[in-house]
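Enquirer:
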Amino acid sequence: MTLTTDPVALNDWYPVAGLGAAPGRTLLLGQEIEIDGAAVRRTDTGAALATREKWGLLFASFGAPEREIFDMAEAAEPDRRFVPCGWFTLRASPLRIVENFLDMAHFPFVHTGILGDEPHTEVPEYRSEIRRDVDEVWATNCTFFQSQIAATESAGDFVQLSYRVPTPFSVVLYRVCPSAPDRLDAIALLMQPMTEVLTRAIPLMWLVDDRSSHTELVRFEQVIFLQDKIIVENQRPLRLPLEPRAEIPTRADGSSIAYRRWLKEKGLRFGTTAGAPLAGTA
Amino acid sequence: MSGWTPVALAADLPPGTVAGVVLRSEEIVLWRDGAGPPHAWKDRCPHRGMKLSFGFVRRDRLVCLYHGWEYGADTRCALIPAHPDLDVPETIRATPWQVAETGGLLWVGSRDAGQPPDLPEAMPLRSLFLDAPLDTARTRLRSGGLPGLGEVDLIGDGPLLRFAQGGHLFAVGGHEIGPAACALHLTSDGTAAARAALVPATAALRREVRAQSRGAAA
Amino acid sequence: MSVPVLWTYDLDEACYAARLTAALAGAEVTLRAVDVVPGAETGSAAFRALSPMGRVPVLVDGKVVLTQTEAILTDLARRGERGAALLPDTPEALDWLIFAARDLSAAGRARAAALFGTGDARAAGEARAALLVLEDRLTAQGLRGAGFVAGNTPGVADLALFPGFALSRDWGLGHEAFPALRLWARRIRMLPGFVGMPGLPAFP
Ligand code: FES
Ligand SMILES: [Fe+2]
Numbered sequence: 083m084t085l086t087t088d089p090v091a092l093n094d095w096y097p098v099a100g101l102g103a104a105p106g107r108t109l110l111l112g113q114e115i116e117i118d119g120a121a122v123r124r125t126d127t128g129a130a131l132a133t134r135e136k137w138g139l140l141f142a143s144f145g146a147p148e149r150e151i152f153d154m155a156e157a158a159e160p161d162r163r164f165v166p167c168g169w170f171t172l173r174a175s176p177l178r179i180v181e182n183f184l185d186m187a188h189f190p191f192v193h194t195g196i197l198g199d200e201p202h203t204e205v206p207e208y209r210s211e212i213r214r215d216v217d218e219v220w221a222t223n224c225t226f227f228q229s230q231i232a233a234t235e236s237a238g239d240f241v242q243l244s245y246r247v248p249t250p251f252s253v254v255l256y257r258v259c260p261s262a263p264d265r266l267d268a269i270a271l272l273m274q275p276m277t278e279v280l281t282r283a284i285p286l287m288w289l290v291d292d293r294s295s296h297t298e299l300v301r302f303e304q305v306i307f308l309q310d311k312i313i314v315e316n317q318r319p320l321r322l323p324l325e326p327r328a329e330i331p332t333r334a335d336g337s338s339i340a341y342r343r344w345l346k347e348k349g350l351r352f353g354t355t356a357g358a359p360l361a362g363t364a
Numbered sequence: 003m004s005g006w007t008p009v010a011l012a013a014d015l016p017p018g019t020v021a022g023v024v025l026r027s028e029e030i031v032l033w034r035d036g037a038g039p040p041h042a043w044k045d046r047c048p049h050r051g052m053k054l055s056f057g058f059v060r061r062d063r064l065v066c067l068y069h070g071w072e073y074g075a076d077t078r079c080a081l082i083p084a085h086p087d088l089d090v091p092e093t094i095r096a097t098p099w100q101v102a103e104t105g106g107l108l109w110v111g112s113r114d115a116g117q118p119p120d121l122p123e124a125m126p127l128r129s130l131f132l133d134a135p136l137d138t139a140r141t142r143l144r145s146g147g148l149p150g151l152g153e154v155d156l157i158g159d160g161p162l163l164r165f166a167q168g169g170h171l172f173a174v175g176g177h178e179i180g181p182a183a184c185a186l187h188l189t190s191d192g193t194a195a196a197r198a199a200l201v202p203a204t205a206a207l208r209r210e211v212r213a214q215s216r217g218a219a220a
Numbered sequence: 029m030s031v032p033v034l035w036t037y038d039l040d041e042a043c044y045a046a047r048l049t050a051a052l053a054g055a056e057v058t059l060r061a062v063d064v065v066p067g068a069e070t071g072s073a074a075f076r077a078l079s080p081m082g083r084v085p086v087l088v089d090g091k092v093v094l095t096q097t098e099a100i101l102t103d104l105a106r107r108g109e110r111g112a113a114l115l116p117d118t119p120e121a122l123d124w125l126i127f128a129a130r131d132l133s134a135a136g137r138a139r140a141a142a143l144f145g146t147g148d149a150r151a152a153g154e155a156r157a158a159l160l161v162l163e164d165r166l167t168a169q170g171l172r173g174a175g176f177v178a179g180n181t182p183g184v185a186d187l188a189l190f191p192g193f194a195l196s197r198d199w200g201l202g203h204e205a206f207p208a209l210r211l212w213a214r215r216i217r218m219l220p221g222f223v224g225m226p227g228l229p230a231f232p
């Protein structure tokens, strides 16, 4: 296991531990690192990594990122509930996980009875774009029929969603809040890419919800997340193909098409089929 | 070696079910529609690459678990649920292998495999998965049959290894999973109860082969 | 009979076995979600007062508190109107129930290691070995025309064993080499009242 040489991946911030976690070792971009308090070091050379603290997490970078960690405006709103949902290891490419998070067409099949149900399988037209001014991918005007749209709701309705990809390894969902229709719930999924096909994913939520218990909120998100695990661990190839003809997208995959194009423009290789050759399943 | 390889016992794939198999590191999905004929395809949905062996059979179509795309027995994608009114282009297809059912086994072949073998019916015993190269397993079986059953009488070597031992007739097809893993698909004569009584001997073979290949590796 | 409280965590396979047993037996329970990850609620003083080993599931009915999964499954079967047939009332049924508790418990540890990084490097190998033994058993059972681990109807032992196999892909063990278990798992999924869990593909 060695550190990737991909400059795009190297020059970004990644969560590596919760603040105040016990000292320990983990992997980041193929390299073993050691975390001790707020310090992060490579275990092979002892070199220190740049670090930041945000949202109760310790972030690190091997390189010199041009940008700071992206902002979540919702984190500054005092009446929101901040709900971190834990750390989960998946044997999957972080990019496949982002793409799965962007995808609505799987709701009735993978999150049956929660985020969707047959026969309500249609993905209505939505807009996806690479926003050049902020260098992010966005999908807006997304709607989908959901039978149970949040922990607080039991009846089905069309949900209004927007998706934001602020960095190649993170993704945010904004959802019109069922209990306060003029505000948006925000759910972010951050990634610690351990190797190209091993990822720790960290769901964080900033919610407008004063009814549900903390345990209920965490549970709702974790169930959905675990349902997706079986998908992203069993896509072939495991790493994300960026060449347009490798897979067959439809209109419903507009956000995934924009995301892949954006990654390709950036020249990202880590976690894609253009990365270093993999032993075993490519 | 012919272009056909046995990859499962026919009895282990009842109508309406799906199974994943690995042949020389290629992932293959086997499924049977309600009417009975088996299908063998590359274990990968052309849409977003999900393994089709995680899917399910519905109305004689194989349905992908991820977004519910439905593939008919002719490999064509017949429904994309995200766009229910779309006439699916006929170029969207699963990638087929050739498949045949004979001798109580399911066989897959590449496109140029020629005629599949034609074998007499046989009763299922089990598929035995071994952590050893196929050659090692075959050699071991040829020399000693199943542990504890006595003398082995080899009866010729066609597409299957056939032998008599302990009053039973065995026909065994082997398939390579990878360099150090294989499966033996065993069929036998006799009543179901007699075959059930042979299961411990097959488990003993698995333990022996593992001990042997550990020894070889050490 | 009063309605017991089942303390459960959705992502835990033993809790799932309890919910599955309750559903198949038709036993009424009140579910109480425990924030195991990331809340570590099972380590709290309040929870330890209930379950000194700090484990889910826990089944509570008044003063009676059960903390061992197999005891919970058996009690739930006893409570349900359809549960009598599930009870482990033969020596073999009890033997396989204990196999689930002892030998196949490695599957739960392997899954926790894979999912939460709790690091139990040996568990996956032990769990695979136990599943091979179970595969041998269900192969022989299948040939005898008995579809379940200790007979031709399902029992608590089957339900205790089921998650360890059904969720094995969570810790990297595919189902390709287990044809008898695949067919057995399918028989369990088709039982009336079957409920799933995240990580099991949800077939319609
Ligand atoms: S990957 Fe199979 S339907 Fe989308
Ligand atoms: Fe999902």
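As they're listed, the protein sequences go chains A, B and C.
For the first sequence, the working numbering begins at 83 and goes up steadily by one.
For the second sequence, the working numbering begins at 3 and goes up steadily by one.
For the third sequence, the working numbering begins at 29 and goes up steadily by one.
In this text, a Cβ means the ideal position worked out from N, Cα and C, and glycines have one as well.
Here the structure is a predicted model, which is why all the values come from computation and not from measurement.
For chain A, check one thing: does any of its Cβ atoms lie closer than 9 angstroms to the Cβ of E154 (chain C)?
Expert: Output row for E154 (chain C): interface = no.
Enquirer: Note down the Cα distance separating G183 (chain C) from A121 (chain C), rounded to an integer number of angstroms.
Expert: If you take the alpha carbons of G183 (chain C) and A121 (chain C), they lie about 7 angstroms apart.
Enquirer: When the Cα atoms are used, what is the spatial distance from V65 (chain B) to L177 (chain A)?
Expert: Taking the straight line from one Cα to the other gives about 25 angstroms.
Enquirer: Please confirm whether any heavy atom of ligand 2 lies closer than 8 angstroms to the CB of V279 (chain A).
Expert: V279 (chain A): no, Cβ never under 8 angstroms from ligand 2.
Enquirer: Report the residue from A:M287, A:A270, A:G119, A:R123 whose alpha carbon sits nearest the alpha carbon of L110 (chain A).
Expert: Ranking A:M287, A:A270, A:G119, A:R123 by Cα distance to L110 (chain A) puts A:R123 first.
Enquirer: Can you tell me where the beta strand (DSSP E) with A61 (chain C) in it begins and where it stops?
Expert: Run containing A61 (chain C): 58 to 61, per the beta strand (DSSP E) assignment.
Enquirer: Starting from V65 (chain C), find everything on chain A with Cβ-Cβ shorter than 7 angstroms and list it in chain order.
Expert: Neighbours of V65 (chain C) on chain A, chain order: G168.
Enquirer: Could you tell me the alpha carbon to alpha carbon distance between P105 (chain A) and L140 (chain A), rounded to whole angstroms?
Expert: About 12 angstroms.
Enquirer: Per the contact definition of three or more C-beta pairs closer than 8 angstroms, is the stretch 126 to 141 of chain A in contact with the stretch 295 to 302 of chain A?
Expert: The stretch 295 to 302 of chain A, when compared against the stretch 126 to 141 of chain A, does not touch it at the 8 angstroms Cβ threshold.
Enquirer: Under 9 angstroms, do D103 (chain C) and I312 (chain A) count as touching if we go by C-beta distance?
Expert: No. Outside cutoff.
Enquirer: Ligand 2 heavy atoms versus the CB of Q304 (chain A): any closer than 8 angstroms?
Expert: Checking the Cβ of Q304 (chain A) against ligand 2 gives no.
Enquirer: Hey, which residues come within less than 5 angstroms of ligand 1, measuring from Cβ to any heavy atom, in chain order?
Expert: In chain order, the hits are B:C47, B:H49, B:R50, B:M52, B:C66, B:Y68, B:H69, B:W71.
Enquirer: Quick one: what's got a C-beta closer than 6 angstroms to G362 (chain A)'s C-beta in the same chain, skipping five residues either side?
Expert: Because G362 (chain A) sits at a pLDDT of 44, beneath the cut-off of 50, its placement in the model cannot be relied upon, and the following sentence gives the value as read from the coordinates. There are no such residues.
Enquirer: Classify L15 (chain B) as helix, strand or coil using the three-state DSSP reduction.
Expert: Here L15 (chain B) sits in coil by DSSP.
Enquirer: From which residue to which residue does the beta strand (DSSP E) around P126 (chain B) run?
Expert: Per DSSP, P126 (chain B) belongs to the beta strand (DSSP E) from 125 to 132.
Enquirer: According to the neighbour-count rule (16 or more other Cβ atoms, all chains shown, within 10 Å of its Cβ), is T281 (chain A) buried or exposed?
Expert: So T281 (chain A) ends up on the buried side.
Enquirer: For a cutoff of 9 angstroms on Cβ pairs, would you count E298 (chain A) as touching chain F?
Expert: Annotation note: the requested chain F is absent from the structure, which comprises protein chains A, B and C.
Enquirer: Are the stretch 180 to 198 of chain A and the stretch 213 to 228 of chain A in contact at 8 angstroms, needing three or more beta carbon pairs?
Expert: At 8 angstroms Cβ cutoff, the stretches touch.
Enquirer: What is the DSSP secondary structure of Y37 (chain C), counted as helix, strand or coil?
Expert: If DSSP states are grouped into helix, strand and coil, Y37 (chain C) belongs with coil.
Enquirer: Look at the alpha carbon of E72 (chain B) and the alpha carbon of D155 (chain B), and state the distance between them as a whole number of angstroms.
Expert: In a straight line, the C-alpha of E72 (chain B) is about 48 angstroms away from that of D155 (chain B).
Enquirer: For chain C, is any of its Cβ atoms less than 9 angstroms away from the one on E210 (chain B)?
Expert: Judged by the 9 angstroms Cβ criterion, E210 (chain B) is not in contact with chain C.
Enquirer: Checking contacts by CB at 9 angstroms: is R46 (chain B) closer than that to chain A?
Expert: By this cut-off, R46 (chain B) is an interface position.
Enquirer: Taking 9 angstroms as the CB-CB cut-off, is L271 (chain A) touching chain C?
Expert: By this cut-off, L271 (chain A) is not an interface position.
Enquirer: Spell out whether any CB of chain C is found under 9 angstroms from the CB atom of R301 (chain A).
Expert: By this cut-off, R301 (chain A) is an interface position.
Enquirer: Using a Cβ distance threshold of 8 angstroms, determine whether the stretch 41 to 61 of chain C contacts the stretch 85 to 99 of chain C, with at least three qualifying pairs required.
Expert: They touch, by the three-pair rule.
Enquirer: Taking 8 angstroms as the line, does the beta carbon of D310 (chain A) fall inside it for any heavy atom of ligand 2?
Expert: Yes, ligand 2 has a heavy atom inside 8 angstroms of this Cβ.
Enquirer: Taking the runs of the alpha helix (DSSP H) that are 4 residues or longer, which of them lie wholly in the stretch 177 to 247 of chain A?
Expert: Complete alpha helix (DSSP H) runs here, min 4: 189 to 192.
Enquirer: Per DSSP, which one or two residues make a beta bridge with I21 (chain B)?
Expert: As written in the sequence, residue 21 (chain B) is Ala, which differs from the Ile given in the question. DSSP, once it has assigned bridges, lists B:L32 as partnering A21 (chain B).
Enquirer: Measuring alpha carbon to alpha carbon, tell me which of A:D267, A:V219, A:W288, A:I269 ends up nearest V247 (chain A).
Expert: Taking only the C-alpha atoms, the option nearest V247 (chain A) is A:V219.
Enquirer: Given this structure, state the Cα-to-Cα distance separating D217 (chain A) from L271 (chain A), to the nearest angstrom.
Expert: Taking the straight line from one Cα to the other gives about 18 angstroms.
Enquirer: Compile a chain-ordered list of the residues in the stretch 14 to 43 of chain B whose CB is closer than 8 angstroms to at least one CB of chain C.
Expert: Correct list: D14, P16, T19, A21, G22, V23, V24.
Enquirer: Once you ignore the five residues that flank D62 (chain B) on each side, which residues in its own chain have a CB closer than 8 angstroms to its CB?
Expert: Around D62 (chain B): D35, G36, A37, G74, A75.
Enquirer: Where does K348 (chain A) fall in DSSP's three states?
Expert: Three-state result, K348 (chain A): helix.
Enquirer: Write down the C-beta distance between G57 (chain B) and V20 (chain B) rounded to the nearest angstrom, noting that I regard them as a contact closer than 8 angstroms.
Expert: So it is a contact: roughly 6 angstroms between Cβ atoms.
Enquirer: What does DSSP give as the partner residues of L286 (chain A) in its beta bridges?
Expert: Its beta-bridge partners are A:P166, A:A270.
Enquirer: Write down the C-beta distance between L25 (chain B) and H177 (chain B) rounded to the nearest angstrom, noting that I regard them as a contact closer than 8 angstroms.
Expert: At roughly 6 angstroms, the Cβ-Cβ gap stays under 8 angstroms, so L25 (chain B) and H177 (chain B) are in contact.
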